[in-house]
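Protein chains in written order, with our numbering: chain Y, 1 to 382; chain Z, 1 to 215; chain V, 1 to 227.
Written out below as structure tokens is the structure these notes cover.
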């Protein structure tokens, strides 16, 4: 007998899958998305992914070493946080700010709650929320994709000195003869200029110089791989996208011209990435099936509300954080009925049943049991 | 005897600065601590205003401690504290309108700062004026240190300056979050973390020493 | 042994009242003393702060006088305040000639009301400068309205001519999106700070629409410096 008892973090599912295996598969499925991001934005995107992920790993290592929490770098959870965080940041985000974001995401999003499995909020989004509040100008500065020299030179703002302000991206684009309008993200262009980017351009993200993230189509494919191999629950992304699409459709139908069509809503910004990879984070989303639907629906509706009715162009991040905060409540009110309770009580009350043979005397063995009736149809005495 | 009393006085003084620091140990007076510490200058002005109120009201409360019946003691303390807060309010307006605008309603809110009423009730009403004022001075210094600890970090990161003097040159990228309310919570949390880590390390060392003696 | 501890030494009511009376008197004296001692300095500070903002908006100004505009016309401020009156400041240069008029305006910005002071030049019938009195806009984005040189250049000569009947502005002052300013009465918004830029435009428009029709017909009253 040499069995060792291992104490693990949630999910406590008995099965052949370990946390490492799930996390590693999520990382594999993210690699094509990262590759596409690098293909779009070149050197700056690659450097951003490397620096952000490295800073997450560094922070994770530092906090695990303090002895206050479990976890190790080989469980890949910090790697996922880093990759996702990098994908949500603009490609020309200054690298030092990316490092700040990575450290903030692990420190504020994960370590202070007690490490892997204990975090209340998605760490990557906590990191992004921190830099959104800290550097609102830099995080709103996008550059168009597929610039000619993207594999040979950095976007100048990437290489800002630590603590120093980044170079002016608008001037750089102007020098390269690009329309500065193209450097606004499609959501910002809709919000501030009323311009709706065609949905098909957004789906592939392959055409023209647009300030968009990796192609939603590719993300959905990568997510489908995870869902098919059961590394991720399909209900949450379906609920998020369904409720966002539905509420956008209703608003579009009711108010028409003032709001963009639901396809624009679905494929712009980070909604697909958020729905597939961030809302589905196991530690911060409900485990009950009904809870998953409620949680996804909440995120979808919040996204639409924030995008349409607030001063911010993008709302996925805050919507998911709000969903994370509501998760314990959702789980409490959507507890499934324990086996043996619930439905069977109703059956017993309404249904007819034969008496147990042991209770029936020999004389009555052939007798039929009268149907049990309650007040509704009292048998009338003849 | 005089050596002993001097030592006691010093102890009273140091209590507020370290062992009972109002910000980092007692976690009192959080409202001004979080709200006005966007710059070191604001933190210092707020700390000094509170210090003035604390020392003066503790002195007066202590002087009156034998004539105030205990049924009306809280009412008396509040009147005394409110008086000195009003005085401070006028003085700051006269000295600098910029500071007055920056601190806003938080000057008037010193009245309800629980450090002050707490000191009046727990210490000044039971001790002679000199002791009470020395203790109040220590407490206020502890409060000033606490506010400055937050204010300097938030100003250095949030504006790249310290007391208005630029540290990193004109090209500094300010961390906007630090001058917003969340920055106050984050920095306060960071300091509390540091102090509790220090405390835990000290306790562990003491425990190790005792263990060593025992063995 | 089980007697309540308080009952033997209950203080008589007269003593309580006396104590509170003494404390209140002492405290009242302290407050009045402090008020008298600091009143002049505080008032001087306030005036200085206002003058500094007004003189920043109208650089040529050397002295200023406070006026108010009511439904009946304009008159020097002072005495009782009329309900619904708008305050403004007439400023004069070193020779005593009218240098410009400073008006306070406000509109809802991104976070809270943006309150600003703008300078109106009667000769070119345009706005010649703005200064922010109070705002809580996002640092680094909205607060560019104070620092952004290109944005402030909008207010070197912003057209606020009145229409022929002198009842409203001939052209509505409006913030337009960055880079699309073509007319003299448009404000080129800051890219990324559209909401705040619009608030500035709206503040100026609202205030000018209501004040200038009352002010312009009586401009002569303001020309002479009040001694």
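Even for Gly, the Cβ is constructed at its ideal location relative to N, Cα and C.
By the criterion of at least three beta-carbon pairs nearer than 8 Å, the region 272 to 283 of chain Y is in contact with the region 80 to 96 of chain Y. Residues of chain V whose Cβ lies closer than 8 Å to the Cβ of residue 75(Z) are, in chain order, 20.
With fewer than 16 other Cβ atoms inside 10 Å of its own Cβ, residue 32(V) counts as exposed. The DSSP-derived three-state label of residue 35(V) is helix.
In this structure, the CA atom of residue 308(Y) is about 11 Å from the CA atom of residue 247(Y).
Counting along the chain, residue 98(V) sits inside the beta strand (DSSP E) bounded by residues 98 to 108. Rounded to the nearest whole angstrom, the CA to CA distance from residue 128(Y) to residue 101(Y) is 6 Å. Not a single CB atom of chain Z sits nearer than 8 Å to the CB of residue 85(Y).
Burial of residue 89(Z) is indicated by the presence of at least 16 other C-beta atoms within 10 angstroms of its C-beta.
Less than 8 Å separates the beta-carbon of residue 119(Y) from that of residue 283(Y). Residue nearest to residue 64(Y) within the set 251(Y), 19(Y), 76(Y) and 111(Y) is 111(Y) (criterion: CA-CA distance).
In the DSSP assignment, residue 76(Z) falls within the unbroken alpha helix (DSSP H) covering 73 to 95.
Around the CB of residue 32(Z), 16 or more other CB atoms lie within 10 Å, so the residue is classed as buried. Residue contact check for residue 312(Y) against chain Z: no CB pair falls below 8 Å. By the criterion of at least three beta-carbon pairs nearer than 8 Å, the region 46 to 56 of chain Z is in contact with the region 85 to 100 of chain Z. For residue 199(V), the enclosing alpha helix (DSSP H) has its first and last residue at 194 to 215. Every unbroken stretch of the alpha helix (DSSP H) spanning 4 or more residues and falling wholly within the region 94 to 181 of chain Y is given here in chain order: 95 to 109, 123 to 134, 136 to 139 and 169 to 175. Comparing alpha carbon positions, the residue from 208(Z), 117(Z) and 188(Z) closest to residue 74(Z) is 117(Z).
DSSP places residue 31(Z) in the uninterrupted alpha helix (DSSP H) bounded by 30 to 35.
In chain order, 240, 279, 319, 320 and 323 place their CB closer than 6 Å to the CB of residue 299(Y), counting only its own chain and leaving out the 5 sequence neighbours on each side. If you draw a straight line from the Cα of residue 142(V) to the Cα of residue 175(V), it is about 14 Å long.
Here residue 289(Y) carries a helix assignment [DSSP, helix/strand/coil].
In the three-state DSSP reduction, residue 90(Y) falls in the coil class, being neither helix nor strand. Neighbours of residue 195(V) in chain Y, taken as residues whose beta carbon is under 7 Å from its own, are 311 in chain order. Residue 302(Y) is classed as buried because its beta carbon has at least 16 other beta carbons within 10 Å across all chains shown. DSSP places residue 218(V) outside any beta strand (DSSP E), giving it a letter other than H or E. Of the candidates 72(V), 203(V), 160(V) and 177(V), 203(V) places its Cα closest to the Cα of residue 135(V). If you keep only unbroken alpha helix (DSSP H) runs of at least 4 residues inside the region 122 to 207 of chain Z, you get 129 to 159 and 176 to 179.
For the 8 Å CB-CB criterion, residue 59(Y) and residue 116(Y) do not form a contact.
Near chain V, meaning a CB-to-CB distance below 7 Å, the residues of the region 179 to 213 of chain Y are 192 and 193. By the Cβ criterion, the region 64 to 77 of chain V is not in contact with the region 104 to 119 of chain V, since fewer than three pairs of Cβ atoms, one from each stretch, lie closer than 8 Å. With a cutoff of 8 Å on beta-carbon distance, residue 131(Y) and residue 164(Y) are scored as not near each other. Around the beta-carbon of residue 46(Y), 16 or more other beta-carbon atoms lie within 10 Å, marking it buried.
Near chain Z, meaning a CB-to-CB distance below 7 Å, the residues of the region 38 to 69 of chain V are 38, 41, 42, 45, 46 and 49. When the five nearest sequence neighbours on each side are left out, the beta carbons in the same chain lying within less than 7 Å of the beta carbon of residue 92(Y) are those of 44, 141, 143, 155, 157, 158 and 169, in order along the chain.
Taken atom to atom, the span from the alpha-carbon of residue 20(Y) to that of residue 29(Y) is near 14 Å.
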